[in-house]
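So for the sequence shown, the working numbering puts the first residue at 1; every next one is plus one. What follows is a single structure, written as structure tokens, with notes after it.
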Amino acid sequence: FHFDEDGQGQVRLNFGPLGWGLLLAHQRAAAAIVSGGAGLILDEVLVVPGLLDTWLKALAGHDVWMIGLHCDLAELERRERGRGDRRAGQAAGQFGKVHAGIRYDLELDSTRSAPEDIATQIAHFIEASHGPQAFAVMKEMRAAH
Numbered sequence: 001f002h003f004d005e006d007g008q009g010q011v012r013l014n015f016g017p018l019g020w021g022l023l024l025a026h027q028r029a030a031a032a033i034v035s036g037g038a039g040l041i042l043d044e045v046l047v048v049p050g051l052l053d054t055w056l057k058a059l060a061g062h063d064v065w066m067i068g069l070h071c072d073l074a075e076l077e078r079r080e081r082g083r084g085d086r087r088a089g090q091a092a093g094q095f096g097k098v099h100a101g102i103r104y105d106l107e108l109d110s111t112r113s114a115p116e117d118i119a120t121q122i123a124h125f126i127e128a129s130h131g132p133q134a135f136a137v138m139k140e141m142r143a144a145h
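Structure (structure tokens):
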């Protein structure tokens, strides 16, 4: 994994062959955990082309809730600075890509919400819902092309 900048000066994440191999192994491990009957929460940022497709394949046949967490760019940049383990500009470089082409069962704004409040909203939504749909819809849409 390494960062560089695109032609517009935006920071981007890149994967070499070993990085892609690790990502695919991570996806297979997640699928094995779910196949074993355990519930699993994944926090994934889908900013690299092809990553959504590999997740669609890895988790095919499983119930997958797609929850989109949005946040104002200014707040993301503040959090980025505060963490100390992010490259400056990473949030801005991913901001326009992270939700592109993705459908969600639920979308929330985390700009001014505490993580506990977000978790409660997600739990209530899932309890009241008739099941996830966005993941299956995206898989069908990809299969049709």
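Don't be surprised by glycine CBs; every beta carbon is placed ideally from N, CA and C.
Here LYS139 is buried, its C-beta having at least 16 other C-beta atoms within 10 Å.
Annotated three-state conformation of ASP4 is strand, per DSSP. With distances taken between CA atoms, ALA38 lies nearest to VAL64 out of VAL64, ARG103, LEU51.
Along the length of the stretch 4-50, whole alpha helix (DSSP H) runs at least 4 residues long occupy 17-35, reported in chain order. Residue burial annotation: GLY101 is exposed, with fewer than 16 other C-beta atoms found within 10 angstroms of its C-beta.
ALA32 and LEU59 have their C-alpha atoms spaced approximately 9 angstroms apart. Taking all protein chains in view, the Cβ of ASP53 is surrounded by fewer than 16 other Cβ atoms within 10 Å, so the residue is classified as exposed. As the crow flies, the alpha-carbon of ALA136 is around 35 angstroms from that of ARG78. LEU42 sits away from ALA29, with the two beta carbons spaced by 8 angstroms or more. The beta carbon of LEU106 lies closer than 6 angstroms to those of ILE67, PHE125 in the same chain, with the five residues before and after it left out.
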